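Residue numbers (our numbering): -17 to 324.
For reference, the structure is listed below as structure tokens.
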Amino acid sequence: MKAVRKLAQGTGQVALCDIPEPDPRPGCVKIAVKAGGICGTDIHILHGGYAFNPPVTLGHEIAGEVVEVGQGVDRVRAGDRVTVLPSAMGRCGVCRFCKSGFYFYCVNRSSIGSKTDGGFAEYCVVPQDLIYLLPEDVDYRAGSLTEPLACCVQAVYELTAIAPSDVVLISGPGPIGMICAALVKLQGAAVILCGTAQDRERLEMARSFGVDRTVDVTTEDAAQVARDMTDGYGADVVLECVGVGPSVNQCLEAVARLGRYTQVGLLDHPAQIDFGKVIYKQLRVQGALGQAWSTWEKTLRLLRRGAIDMNRFITHEVPLDRWQEAFDNTEQKRGLKNVLCP
Ligand SMILES: [Zn+2]
Ligand SMILES: [Zn+2]
């Protein structure tokens, strides 16, 4: 079968390979992958900047159809339409993080798509306890975005307290920032979404999705816009979804005194940030990484209810053979979300 694999440590080393089809081990199901979302993480792996175990098939945002089940599998059967919880793979189940539901911090983890084979392939094999049935009205494309949606559900609904009267400033109109904006809008709060001149198209898209105000920070002062919308106080909540120093500082500047700051963007490198704002504004600062068990149930419920249309975030659907093009689109910020369809 065809699979997009990271073959060795270092930069590049990603190729479309022909490898044997995997068989379902006991307790596991074999999925014919129908859609695989490309994530910033995949680009980090392409450049060698994220923990992974080569050779490994990439892809952790997965939706597909169950084609075969291994011995002892009783939760799903062939023909079921499913999505995958990739990040709890290999968890020990007994450490304090596993027991409290925060498997993301288990040191035993070996995530699907970076440390064990993922979904940028015709088939993948996954333990049955990491499988979720897709709601009837959710197609494979939309279903493949369940994992990034879950990241946003944890950040917005589980870790940040937002009231309908709040003005929420989000920095970064990438897929995560856009999905966070949609979730905040569901709560009834006002959203200011900030990007750069390069993000013009995405900011336009955000306005068509109902974001209240967009800011191109190369021509406008985001903090001033936040103050203008809050009688001079500043944003009640900020969600940083870029992960670079200037964006962090802009958020610290735009947030109101006694405000809430949630870090969603991954900071790969130490950044020069004005941490004094945390004390002088008495901010409540929260990091939001991955998801917890509780998040998945809520995420699936949102999808089942049709509360959020994930298809509108997908701008490119690319066959597996042209994976390079989809990776380039992601890296060059062309459109919004790229999905590979084997
Ligand atoms: Zn992802
Ligand atoms: Zn554990």
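We treat Cβ as the ideally placed atom computed from N, Cα and C, and that holds for glycine.
All values derive from a computational prediction rather than experimental measurement.
Can you tell me whether F84 sits near ligand 2, meaning its C-beta is under 7 Å from at least one heavy atom of the ligand?
Position 102 of the sequence shown holds residue 84. No, Cβ of F84 sits at least 7 Å from all heavy atoms of ligand 2.
Using only the heavy atoms of ligand 1, determine whether one of them is closer than 7 Å to the beta carbon of C162.
On the sequence shown, residue 162 is found 180 positions in, with the first residue counted as 1. No - ligand 1 has no heavy atom lying nearer than 7 Å to the Cβ of C162.
Alpha-carbon spacing of V150 relative to L284, whole angstroms
The sequence position of residue 150 within the sequence shown is 168, counting from 1. The sequence position of residue 284 within the sequence shown is 302, counting from 1. C-alpha separation (whole angstroms): 21 Å.
Of the choices L240, E3, L40, whose alpha-carbon is the least far from that of L(-11)?
Position 7 of the sequence shown, counting from 1, holds the residue named residue -11. Here the closest residue by C-alpha is L40.
In its own chain, which residues sit with a C-beta less than 7 Å from the C-beta of V51, not counting the 5 before and 5 after it?
Counting from 1 along the sequence shown, the entry for residue 51 is found at position 69. Excluding positions up to five away in sequence, the list reads P6, V11, V58, R59, A60.
The segment 248 to 267 touching the segment 221 to 228, judged by at least three CB pairs closer than 8 Å
yes
Could you tell me how far apart the beta carbons of G241 and E222 are, in whole angstroms, since I believe they sit closer than 8 Å?
Taking the first residue of the sequence shown as 1, we reach residue 241 at position 259. Taking the first residue of the sequence shown as 1, we reach residue 222 at position 240. At roughly 13 Å, the Cβ-Cβ gap does not stay under 8 Å, so G241 and E222 are not in contact.
Could you give the DSSP three-state label for Q136: helix, strand or coil?
Here residue 136 refers to the residue found at position 154 when the sequence shown is read from its first residue. Q136: helix per DSSP, three-state reduction.
Sorted by chain position, which residues of the same chain lie with C-beta nearer than 7 Å to P157's C-beta, five sequence neighbours on each side aside?
By one-based count along the sequence shown, residue 157 stands at place 175. So the list reads P130, F295, L318, K319, once near-sequence residues are dropped.
Taking C-alpha atoms, which residue in S153, V173, G159, L185 lies nearest to P146?
For this step, residue 146 is matched to residue 164 along the sequence shown. If we check each option's Cα against that of P146, V173 comes out closest.
Could you give the uninterrupted runs of the alpha helix (DSSP H) lying entirely in the segment 12 to 40, keeping only those of 4 residues or more?
Counting whole runs of 4 or more residues, the segment 12 to 40 contains the alpha helix (DSSP H) stretches 22 to 28.
Are the beta-carbon atoms belonging to G216 and A204 less than 8 Å from one another?
In the sequence shown, counting from the first residue as 1, residue 216 sits at position 234. In the sequence shown, counting from the first residue as 1, residue 204 sits at position 222. No, the pair does not count as a contact, with Cβ atoms beyond the cut-off.
Since L(-2) and A45 are thought to touch, with beta carbons under 8 Å apart, how far apart are those beta carbons, to the nearest angstrom?
For the purposes of this step, residue -2 is taken as residue 16 along the sequence shown, with counting starting at 1. For the purposes of this step, residue 45 is taken as residue 63 along the sequence shown, with counting starting at 1. Taking the Cβ atoms as the reference, L(-2) lies roughly 20 Å from A45, outside the contact range of under 8 Å.
I'd like the ranges of any alpha helix (DSSP H) spanning at least 4 consecutive residues and lying wholly in the segment 190 to 255.
Annotation note: the segment 190 to 255 contains the following uninterrupted alpha helix (DSSP H) runs of length 4 or greater, listed N- to C-terminal: 204 to 210, 227 to 236.
Tell me the DSSP bridge mates of S153?
Start at 1 with the first residue of the sequence shown, and residue 153 comes out as number 171. BP columns for S153 point to C176, E222.
Compute the minimum distance between the beta carbon of E222 and the heavy atoms of ligand 1, and state whether it is under 7 Å.
Within the sequence shown, residue 222 is the residue found at index 240, counting from 1. Every heavy atom of ligand 1 is 7 Å or more from the Cβ of E222, so no.
Which value, in whole angstroms, describes the spacing of the CA atoms of A14 and I144?
As a first step, residue 14 must be located in the sequence shown, where it is residue number 32. As a first step, residue 144 must be located in the sequence shown, where it is residue number 162. Each residue's CA atom was taken as its position, placing A14 and I144 some 39 Å apart.
Residues that G269 bridges to, as DSSP identifies them:
Your numbering for residue 269 matches position 287 in the sequence shown. Note: G269 sits in a beta bridge opposite Q245.
Within 8 Å, strictly: CB atoms of Q136 and Q264
Translated into positions along the sequence shown, residue 136 becomes position 154. Translated into positions along the sequence shown, residue 264 becomes position 282. No, the Cβ-Cβ distance between Q136 and Q264 is not below 8 Å.
Compute the minimum distance between the beta carbon of G75 and the heavy atoms of ligand 4, and state whether it is under 7 Å.
Although ligand 4 was asked about, the structure shown includes only ligand 1 and ligand 2 as ligands.
Heavy atom of ligand 1 within 7 Å of T277 beta-carbon
As a working mapping, residue 277 is identified with position 295 in the sequence shown. Answer for T277: no, Cβ out of range of ligand 1.
Checking 8 Å against the spacing of the C-beta atoms, do N293 and R123 come in under that value?
As a first step, residue 293 must be located in the sequence shown, where it is residue number 311. As a first step, residue 123 must be located in the sequence shown, where it is residue number 141. Closer than 8 Å, so yes.
Contiguous alpha helix (DSSP H) assignments of at least 4 residues, all confined to the segment 268 to 298
275 to 286
So, helix, strand or coil for K167, using DSSP?
Taking the first residue of the sequence shown as 1, we reach residue 167 at position 185. Three-state result, K167: helix.
Taking the alpha carbon of F326 as the reference point, which residue from R286, R287, D198, S276 has its own alpha carbon closest?
As displayed, the chain neither begins before -17 nor continues past 324, which places residue 326 out of reach and without an answer.
Taking Y105 as the reference, which of P4, Y32, D119, G159 has the closest Cα?
What you label residue 105 is simply residue 123 of the sequence shown in a count that begins at 1. For the residues P4, Y32, D119, G159, the minimum Cα distance to Y105 belongs to P4.
For ligand 1, is there a heavy atom less than 7 Å away from the beta-carbon of T23?
The residue labelled residue 23 in the question sits at position 41 within the sequence shown. Yes, the Cβ of T23 comes within 7 Å of a heavy atom of ligand 1.
Name the two residues that bound the continuous alpha helix (DSSP H) containing E313.
Here residue 313 is taken as the residue at index 331 of the sequence shown, counted from 1. Taken as a continuous stretch (DSSP letters only), the alpha helix (DSSP H) holding E313 covers 305 to 313.
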